[in-house]
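Trainee: Residue numbering for the sequence shown follows my numbering, beginning at 25 and increasing consecutively.
C-beta atoms are modelled at their ideal positions from N, C-alpha and C, and glycine is treated no differently.
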Amino acid sequence: MASYSDDLALRRGKAIRQYIGEYGLSLLPGSEAAQDYDTNQGGGVRSVSLGASLTGFSVNLLVVVDDPHKDRAEAESRKMREKVHDWWSSAALKRLQPDRNAVVAIQPRWHPDYFAGRRLEEDGRLEDGGRWKVVHLPAIANPSRFGPDPLGRQDGDPLPHPKTPTRNRRRLLAWWDDVKRTSTGRDWHALSQGDPQPSEGALVSRDLLRTIRDGVTVVEPQRIAVSIDPSGGGWDTAGIIGGFLGADNRVWITHDKTKAMSSAEWSRTACLLAHETNAGVIYVEWNYGRDMCTLAIGTAWQALQDEGRIPKDKLMPGIDAVSAKQGKLLRAEPIAQQMVEDRVRLRGAFVDLENEWATWQPTDADSPGRIDASCVLVYGLIPEVNKGAIVHAPLPTAPQPGQFGRGALHGPASAYGRRIGQ
25 MASYSDDLAL RRGKAIRQYI GEYGLSLLPG SEAAQDYDTN QGGGVRSVSL GASLTGFSVN
85 LLVVVDDPHK DRAEAESRKM REKVHDWWSS AALKRLQPDR NAVVAIQPRW HPDYFAGRRL
145 EEDGRLEDGG RWKVVHLPAI ANPSRFGPDP LGRQDGDPLP HPKTPTRNRR RLLAWWDDVK
205 RTSTGRDWHA LSQGDPQPSE GALVSRDLLR TIRDGVTVVE PQRIAVSIDP SGGGWDTAGI
265 IGGFLGADNR VWITHDKTKA MSSAEWSRTA CLLAHETNAG VIYVEWNYGR DMCTLAIGTA
325 WQALQDEGRI PKDKLMPGID AVSAKQGKLL RAEPIAQQMV EDRVRLRGAF VDLENEWATW
385 QPTDADSPGR IDASCVLVYG LIPEVNKGAI VHAPLPTAPQ PGQFGRGALH GPASAYGRRI
445 GQ
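#1: Using the beta-carbon count (16 or more within 10 Å), is residue 292 buried or exposed?
#2: Which stretch, first to last residue, makes up the beta strand (DSSP E) that contains residue 266?
#3: Along the chain, where does the beta strand (DSSP E) containing residue 127 start, and where does it finish?
#4: With a cut-off of 8 Å on the beta carbons, I'd call residue 303 and residue 248 a contact; round off their distance for me.
#5: Going by alpha carbons, who is nearest to residue 367 out of 358, 373 and 375?
#6: For residue 219, which three-state DSSP category applies?
#7: Please check the pair residue 328 and residue 321, which I expect to be a contact at CB under 8 Å, by giving their CB distance rounded to whole angstroms.
#8: In this structure, does DSSP put residue 151 in helix, strand or coil?
#9: What's the call for residue 355, buried or exposed, on a 16-neighbour Cβ count within 10 Å?
#10: Can you name the residues that DSSP bridges to residue 401?
#11: Can you give me the Cβ contacts of residue 341 inside the same chain, cut-off strictly under 6 Å, excluding the 5 residues immediately before and after it?
#12: Sorted by chain position, which residues of the same chain lie with C-beta nearer than 8 Å to residue 165's C-beta, five sequence neighbours on each side aside?
#13: Give every residue of the same chain whose Cβ lies closer than 8 Å to the Cβ of residue 147, excluding the five residues on either side of it in the sequence, and list them in chain order.
#14: In whole angstroms, what is the alpha-carbon distance linking residue 36 and residue 400?
#15: Apart from the five residues just before and just after residue 272, which ones in its own chain have a Cβ nearer than 6 Å to its Cβ?
#16: Measuring only the C-alpha atoms, how far is residue 163 from residue 60?
#17: Are there three or more Cβ pairs, one per stretch, closer than 8 Å when the stretch 367-382 is compared with the stretch 275-285?
#18: Quick one: is residue 220 buried, meaning 16 or more other Cβ sit within 10 Å of its Cβ, or exposed?
#19: Could you pull the DSSP bridge partners for residue 185 from this structure?
#20: Between residue 275 and the rest of its own chain, which residues show a CB-CB distance below 8 Å, the 5 nearest in sequence each way excluded?
#21: Among 73, 285, 211 and 241, which residue has its Cα nearest to the Cα of residue 197?
#22: Let me know if residue 251 comes out buried or exposed under the rule of 16 or more other beta-carbons within 10 Å of its beta-carbon.
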């Protein structure tokens, strides 16, 4: 049993020793040392740190390499990586016997040239005629990228957690979403996805996002909007972003109401935000739900008026249903460029939104709601940015009289807030 430190290797060795009695074995008298012991059946365990000598100790069954590096700093060091690779070649491999043996390596993928990366590069995978069987369990499944999932999960399915019921998908997704939100992009991909990424992989850096925070500049709003990336169903995450086009020709992001919620809740949340900000248009991505999205918004507006949360005489903003015609990367890249060119600013610090932009990479299986909603907002408020990535959906069938209540407005409206169907 080998690990990056004597302490960790020793803990693993002690854990193994606890199982010996459960299998009807016992330690050989005089061989009870925690790091080196034998059983009454001739087997034994030796626990060492990587780099320790194994001379004189042959391996007849199994070598376990558990966490060969203690942290990212060590894994980033080429000298330390080479030390591990040299130990593997000069010490561990030379202990294996020709009759029967196996090696199990367990580790996060800190670096592309980490222990697992080098082994796969040099020895190959079993299915390709190589030597290693890979059990890859990313936090969020992505078989379209990584190949068949060992648990049979589909793209976007969460990894179970021992403290959460496996069928509680909403709670599992919320847990992994929080892990991602509180991690750097590289740590998320290395520790949670098992897919090491270069530091420059994200579309937007944290440094850039910090530079576009601006809570003090006085600017006159020219067009105020709310943007929605509806949830796919049930209690999936719905992206809701508020902002405006300023007299300085910049898009200013002012609100982020994104969270996991049902269609009934996201439509109400968006309407309340539109009322609060006095928005003239609500942009809603139409790819999922189609006319049901606009219907949900209209119904929510009327319900909120009936409850007295929105004045009866306040007209509903125009609804501009838009449809994404390109993949997420092709939609997000132009918006990232607008940030670089200082055409998008944040009205203060938006930790969740910034984390999403700074950690999402084109290879990710998930579809972050904040990124989608903020892209739709910028596309709507700066139409010249839109080069076919998002198009305005066709007008729906004319609603029946009184469908949304007297004085309500029916959508969609144009990107400039054109109201129709009054």
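Mentor: Once the coordinates are examined:
#1: Numbered from its first residue, the sequence shown carries residue 292 at position 268. Residue 292 is buried by the Cβ-count criterion.
#2: The residue given as residue 266 occupies position 242 in the sequence shown. Run containing residue 266: 261-270, per the beta strand (DSSP E) assignment.
#3: Translated into the one-based positions of the sequence shown, residue 127 becomes position 103. Residues 126-130.
#4: Taking the first residue of the sequence shown as position 1, residue 303 is located at position 279. Taking the first residue of the sequence shown as position 1, residue 248 is located at position 224. Indeed they touch by this definition, with Cβ atoms about 5 Å apart.
#5: Counting from one through the sequence shown, the residue named residue 367 turns up at place 343. Nearest of 358, 373 and 375 to residue 367, Cα basis: 358.
#6: Position 195 of the sequence shown, counting from 1, holds the residue named residue 219. Coil, per DSSP.
#7: In the sequence shown, residue 328 corresponds to position 304, counting from 1. In the sequence shown, residue 321 corresponds to position 297, counting from 1. Between residue 321 and residue 328 the Cβ distance is about 11 Å, and since that is not below 8 Å, they are no contact.
#8: For the purposes of this step, residue 151 is taken as the residue at position 127 of the sequence shown. Helix at residue 151.
#9: Here the question's residue 355 lines up with position 331 in the sequence shown. So residue 355 ends up on the buried side.
#10: Walking along the sequence shown from the start, residue 401 turns up at place 377. For residue 401, which the question treats as bridged, DSSP gives no partner whatsoever.
#11: The residue you call residue 341 lines up with position 317 of the sequence shown. Here the set comprises 298, 303, 304, 305 and 306.
#12: On the sequence shown, position 141 is the one that residue 165 refers to. Cβ within range, chain order: 173, 175, 177, 178, 179, 180, 181, 182, 183 and 389.
#13: For the purposes of this step, residue 147 is taken as residue 123 along the sequence shown, with counting starting at 1. These residues qualify, in order along the chain: 154, 155 and 156.
#14: The sequence position of residue 36 within the sequence shown is 12, counting from 1. The sequence position of residue 400 within the sequence shown is 376, counting from 1. One C-alpha to the other measures close to 51 Å.
#15: On the sequence shown, position 248 is the one that residue 272 refers to. Excluding residues within five positions, the ones whose Cβ falls inside 6 Å are 243.
#16: Here residue 163 corresponds to residue number 139 of the sequence shown, with the count starting at 1. Here residue 60 corresponds to residue number 36 of the sequence shown, with the count starting at 1. So the two alpha carbons sit approximately 35 Å from each other.
#17: yes
#18: By 1-based counting over the sequence shown, the position of residue 220 is 196. Per the 10 Å Cβ criterion, buried.
#19: Residue 185 sits at position 161 when you count from the first residue of the sequence shown. Paired residue(s): 188.
#20: Within the sequence shown, the letter at position 251 stands for residue 275. So the qualifying residues of the chain are 267, 268, 269, 362, 367, 368, 369, 401, 402, 405 and 406.
#21: As a first step, residue 197 is located in the sequence shown; it is residue number 173 there, counting from the start. Residue 285 is the option with its Cα nearest to residue 197.
#22: Taking the first residue of the sequence shown as 1, we reach residue 251 at position 227. Answer is buried; the Cβ neighbour count reaches 16.
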